[in-house]
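In full-length UniProt numbering, the protein residues as written are 1 to 335.
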């Protein structure tokens with residue numbers, strides 16, 4: 001039923017809709033409230049209010065996350081304060097359903113979530129908490145698998161830096177299988193924009209260290225770590241760990257290759273600061289010290305196959321020692 005009307009039309013139990021005008025009149029169509037085309041005005045308004053409230057909540061959460069990140073990046077923020085701030089950030093992300101990336105998550109929230117986890121990873125490294133760092137790396141994995149266009153244009157992230165630190169952690173833990181699995185994954189995914197992975201300063205650093213460690217070129221490892229020649233301050237956290245590993249490897253090689261060695265040479269050989277530190281290290285290893293020399297306990301060969309294995313080990317040990325002693329002599333010349 002239609003009526004040609006001037007002005008408004010009201011009818012109980014129905015709603016009027018405006019049709020295209022004809023002449024100077026309006027054509028209204030009366031639609032019963034039972035019709036599927038009828039829209040309940042109060043519900044429609046409630047939906048609009050709900051959507052507006054949701055948008056405001058998201059904006060407020062974004063501001064909260066930005067404030068938390070600013071505090072986390074402040075040099076004066078302690079590790080305890082950082083842990084508390086990170087917990088608040090994660091709670092905010094949970095409310096936004098953004099602890100893991102979702103198809104409906106906006107690019108700005110995705111970028112903030114990634115930045116929260118990256119900051120948490122770096123804070124954990126500075127605090128020398130490898131377990132916490134590893135958890136953050138695993139939380140970042142689904143974000144790092146997303147295309148770059150899913151994130152804000154202004155946000156580049158710290159993917160290579162975090163990944164390089166994770167490779168270095170695996171290296172210091174002696175997890176060479178995990179190291180190569182991670183590295184193969186990077187190469188298969190074509191990381192670093194088509195360039196070789198090793199060309200990146202963050203990814204290339206642990207790759208070179210691993211190669212030199214496998215070759216026994218401990219002097220090259222030492223050179224790469226001395227004088228702050230690391231990609232960032234977080235990488236320096238692992239330097240002392242690697243130096244201790246190198247000392248242990250050189251000590252084992254020395255025991256196999258030589259019956260004794262002068263204390264003065266051992267100081268440079270093991271990258272120790274003083275002869276007193278050498279004596280302390282020697283005592284810890286159970287070495288004998290006499291007349292300015294360190295004597296290694298005799299390793300008796302049990303004959304046959306074991307003797308052949310020991311000879312091969314000795315050859316490898318001699319190569320490592322010669323590389324390191326060469327660097328030690330360079331140090332003595334400089335001093």
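Beta carbons are placed, not taken as given, at the ideal position from N, Cα and C, and that holds for glycine. Please read these numbers as outputs of a predicted model, since none were measured by experiment.
Assigned exposure category for residue i - 16 Cβ within 10 Å defines buried
| i | result |
| --- | --- |
| residue 175 | exposed |
| residue 226 | exposed |
| residue 177 | exposed |
| residue 251 | buried |
| residue 141 | exposed |
| residue 160 | buried |
| residue 267 | buried |
| residue 139 | buried |
| residue 253 | buried |
| residue 145 | exposed |
| residue 107 | exposed |
| residue 280 | exposed |
| residue 164 | buried |
| residue 120 | buried |
| residue 366 | Missing from the structure shown is residue 366; the chain here goes from 1 to 335 and no further. |
| residue 118 | buried |
| residue 215 | exposed |
| residue 210 | buried |
| residue 172 | buried |
| residue 124 | buried |
| residue 92 | buried |
| residue 122 | buried |
Residues that residue i bridges to, as DSSP identifies them
| i | result |
| --- | --- |
| residue 353 | Only positions 1 to 335 of the chain appear in this structure, which leaves residue 353 out of reach. |
| residue 290 | 293 |
Through-space distance from residue j to residue i, alpha-carbon basis
| i | j | result |
| --- | --- | --- |
| residue 288 | residue 264 | 15 Å |
| residue 135 | residue 168 | 15 Å |
| residue 102 | residue 147 | 13 Å |
| residue 257 | residue 270 | 15 Å |
| residue 96 | residue 60 | 11 Å |
| residue 262 | residue 217 | 21 Å |
| residue 290 | residue 223 | 31 Å |
| residue 297 | residue 231 | 40 Å |
| residue 294 | residue 274 | 15 Å |
| residue 65 | residue 189 | 31 Å |
| residue 100 | residue 150 | 14 Å |
| residue 248 | residue 284 | 11 Å |
| residue 220 | residue 277 | 22 Å |
| residue 187 | residue 286 | 44 Å |
| residue 85 | residue 239 | 28 Å |
| residue 196 | residue 260 | 44 Å |
| residue 74 | residue 255 | 48 Å |
| residue 245 | residue 233 | 20 Å |
| residue 115 | residue 213 | 33 Å |
| residue 72 | residue 133 | 16 Å |
| residue 236 | residue 208 | 15 Å |
| residue 198 | residue 292 | 44 Å |
| residue 137 | residue 180 | 17 Å |
| residue 94 | residue 185 | 29 Å |
| residue 89 | residue 68 | 7 Å |
| residue 241 | residue 170 | 12 Å |
| residue 62 | residue 166 | 28 Å |
Cβ of residue i within 8 Å of any chain B Cβ
| i | result |
| --- | --- |
| residue 171 | The displayed structure is made up of one protein chain only, and chain B is not part of it. |
beta-carbon residue i near the ligand FAD non-hydrogen atom, thresh 7 Å
| i | result |
| --- | --- |
| residue 149 | As presented, the structure is devoid of all ligands, the ligand FAD included, so that no description of it is given. |
Subject >> Segment contact flag, the stretch 143-155 with the stretch 111-130, C-beta cutoff 8 Å, min 3 pairs >> reply: Cβ pair count under 8 Å is three or more, so yes.
**OP:** Entirely within the stretch 58-134 and at least 4 residues each: give me those alpha helix (DSSP H) ranges in chain order.
**Re:** Whole alpha helix (DSSP H) segments, 4+ residues: 79-95 and 107-126.
Original post:
Do three or more CB pairs link the stretch 63-79 to the stretch 111-130 at distances below 8 Å?
Top reply: A contact is defined here as three or more CB-CB pairs under 8 Å, and the stretch 63-79 meets this definition with respect to the stretch 111-130.
**OP:** At 3 residues or longer, and completely inside the stretch 185-226: list those beta strand (DSSP E) runs for me, N to C.
**Re:** Those beta strand (DSSP E) runs which fall completely within the stretch 185-226 and span 3+ residues do not exist here.
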